[in-house]
Amino acid sequence: MGYDTIILGLGTFGIAAAAELAARGERVLGLEQFGIPNARGSHHGHSRVFRTAYFEHADYVPLLRRAHERWVEMDRRVGGGVYFETGALYAGPRGCVTVEGAMKSARTHGLEAQRLESAEVKRRYPQFALPEGFEAIHEARAGFLVPEVAVSAYARAAMGSGAELRGHEAVIGWSADDKGVRVRTARGEYEAGNLIITAGAWAGKVIADLGVQLRITRQVMAWYWPRVPELFEMPGHLVWAIENERGQLHYGFPMQRGASPGPGLKIALHEPGAVVDPDTVDRSAVMVGVGVGADDEEQTRGALRRYVPQGDGPLLSMAVCLYANSPDGHLIIDRHPRHPNVAIACGSSGHGFKFAPVFGEILADLAMHGGTVHRAGFLGLGRFGK
Ligand SMILES: Cc1cc2nc3c(=O)[nH]c(=O)nc-3n(C[C@H](O)[C@H](O)[C@H](O)COP(=O)(O)OP(=O)(O)OC[C@H]3O[C@@H](n4cnc5c(N)ncnc54)[C@H](O)[C@@H]3O)c2cc1C
């Protein structure tokens, strides 16, 4: 058998698993249909929120504590540029899920968070304008990750530990039995003891036999040049998320320096967009600013105007990214119900990046031992009756 484990898809979760398995001395082959990293799946756009006070399910918090340790460790190892712990401000109408949920989670798990009245927000963060009746909290252990830098760092670490990673080699078929797994690409056929499927927006196609519906949606990110740029630089500006009266979450990041992220203040809407097919969604036109519908801009411009008026300057760029939404909005990580030597992570529903290091560990555990010490059962396929 050529390899211990083959990994199908080297985006967020796949590349983390590759690095983890290789560090544990496993023989790894990783296959990616595009580049490593790439801007066609779910891991581009130069920033991803990291927060700890999850209210979506209590069992996320221990996973996030572990993820935080690993992100800090990676950031230190590569000399910075992976994780920026800016803290985060969450706000919304009094009693809203975002603020109350995060506060409750912080209390339950002993996390550092502070409730702030509107007047206090205005004093500390003049870049925001909270409408009457809004409340806010500040979470300390929060910030943002730079996905392209993190994926590249994982790739280097994986290859440094002996993993074989191949870009632009799409998997076109796979099979598994109790002797092992076989994976087919246009270049050849490979065998291994285990397979890890981390195909992101394509997972629904790769594991269609599972019968779990993943809804792929088109998400727009936008960058603006603020009216008062100094207010949005680091240190000072922070990650933020504001829930509107319809329960939708607008969020944004501080400006980053350097050529790769490009200039500007990034803002987006955390709400599933139009349902698309990842193979036919048109990203190129949007990337150069042609063919972007007025609604795309309004999605972010409206929130900027209302909540971050000092940021409401000219539009610089927009980009399209894909959410792979699971039926209940929670991530999925488990063994394939009919093939114990196949592990799967998918359906991250627009909030999975922050979990990459701990998902790497869980996937490595599943491939090597068939189980994991992490409490991730709530993310298993059993909840869909599989
Ligand atoms: C606009 C936007 C904002 C987001 N914001 C946040 C945030 O603030 N915080 C957060 O934690 N998360 C956030 N997310 C979610 C997070 O980025 C995703 O949950 C995460 O990147 C998903 O990882 P993945 O490994 O499933 O997918 P990906 O990173 O897309 O990796 C899947 C890879 O598999 C490859 N692949 C698929 N099929 C094949 C095949 N047949 N053969 C070979 N390769 C294949 C793909 O090309 C791709 O590279 C956001 C996502 C988007 C789109």
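Going by this note's numbering, the sequence shown opens with residue 1486, and the numbers climb by one from there.
Cβ coordinates follow ideal geometry from the N, Cα and C atoms, glycine included.
Would you mind sorting residue i into buried or exposed? The rule is 16 or more other CB atoms within 10 Å of its CB.
{"i": "L1864", "result": "buried"}
{"i": "S1590", "result": "buried"}
{"i": "P1842", "result": "buried"}
{"i": "V1634", "result": "buried"}
{"i": "Q1518", "result": "buried"}
{"i": "D1781", "result": "buried"}
{"i": "G1774", "result": "Note that G1774 scores a pLDDT of 46, beneath 50, so its modelled location is shaky; the value from the coordinates is reported in the next line. Label assigned to G1774: exposed."}
{"i": "Q1698", "result": "exposed"}
{"i": "A1688", "result": "buried"}
{"i": "A1922", "result": "Absent from the model: residue 1922. The displayed extent of the chain is 1486 to 1871, so no value can be given."}
{"i": "I1657", "result": "exposed"}
{"i": "H1542", "result": "exposed"}
{"i": "K1690", "result": "exposed"}
{"i": "S1745", "result": "exposed"}
{"i": "D1850", "result": "buried"}
{"i": "S1833", "result": "buried"}
{"i": "H1854", "result": "exposed"}
Please tell me whether, using a cut-off of 7 Å, the distance from the CB of residue i to the nearest non-hydrogen atom of ligand 1 is below it.
{"i": "K1664", "result": "no"}
{"i": "T1593", "result": "no"}
{"i": "C1831", "result": "yes"}
{"i": "W1708", "result": "no"}
{"i": "D1556", "result": "The amino acid occupying residue 1556 in the given sequence is Trp; Asp does not appear at that position. The answer is no for W1556."}
{"i": "Q1704", "result": "yes"}
{"i": "Y1808", "result": "yes"}
{"i": "H1528", "result": "yes"}
{"i": "G1658", "result": "no"}
{"i": "N1523", "result": "yes"}
{"i": "F1498", "result": "yes"}
{"i": "G1566", "result": "no"}
{"i": "E1633", "result": "no"}
{"i": "W1725", "result": "no"}
{"i": "V1691", "result": "yes"}
{"i": "F1569", "result": "no"}
{"i": "L1495", "result": "yes"}
{"i": "K1839", "result": "yes"}
{"i": "T1583", "result": "no"}
{"i": "L1699", "result": "no"}
{"i": "L1516", "result": "yes"}
{"i": "T1537", "result": "no"}
{"i": "T1857", "result": "no"}
{"i": "T1683", "result": "yes"}
{"i": "H1542", "result": "no"}
{"i": "H1836", "result": "yes"}
{"i": "F1519", "result": "yes"}
{"i": "V1843", "result": "no"}
{"i": "V1761", "result": "no"}
{"i": "A1503", "result": "no"}
{"i": "V1534", "result": "yes"}
{"i": "A1686", "result": "yes"}
{"i": "A1753", "result": "yes"}
So the candidates are the options; which of them puts its Cα closest to the Cα of residue i?
{"i": "N1523", "options": "P1632, E1605 and P1616", "result": "P1632"}
{"i": "R1536", "options": "G1515, P1616 and T1571", "result": "T1571"}
{"i": "R1768", "options": "F1844, R1703 and L1695", "result": "R1703"}
{"i": "F1838", "options": "I1727, Q1698, T1683 and L1800", "result": "T1683"}
{"i": "A1504", "options": "Y1639, I1521 and K1664", "result": "Y1639"}
{"i": "W1725", "options": "G1647, G1749 and G1577", "result": "G1577"}
{"i": "S1475", "options": "D1762, I1818, E1511 and Q1733", "result": "The structure shown does not extend to residue 1475, since the chain is modelled only from 1486 to 1871, so the question has no answer here."}
{"i": "G1835", "options": "I1500, G1530 and A1501", "result": "G1530"}
{"i": "Y1709", "options": "W1659, I1701, K1871 and A1788", "result": "A1788"}
Does DSSP classify residue i as helix, strand or coil?
{"i": "F1619", "result": "strand"}
{"i": "I1500", "result": "helix"}
{"i": "A1688", "result": "helix"}
{"i": "V1582", "result": "helix"}
{"i": "S1900", "result": "With the chain covering only 1486 through 1871, there is no way to say anything about residue 1900."}
{"i": "L1816", "result": "coil"}
{"i": "Q1733", "result": "coil"}
{"i": "H1654", "result": "Contrary to the premise, residue 1654 reads as Glu rather than His in this sequence. Coil."}
{"i": "I1521", "result": "coil"}
{"i": "G1566", "result": "coil"}
{"i": "H1528", "result": "coil"}
{"i": "L1864", "result": "helix"}
{"i": "F1535", "result": "strand"}
{"i": "G1787", "result": "helix"}
{"i": "S1646", "result": "coil"}
{"i": "H1859", "result": "coil"}
{"i": "F1540", "result": "coil"}
{"i": "A1508", "result": "helix"}
{"i": "W1708", "result": "strand"}
{"i": "F1613", "result": "coil"}
{"i": "A1809", "result": "strand"}
{"i": "H1824", "result": "coil"}
{"i": "D1850", "result": "helix"}
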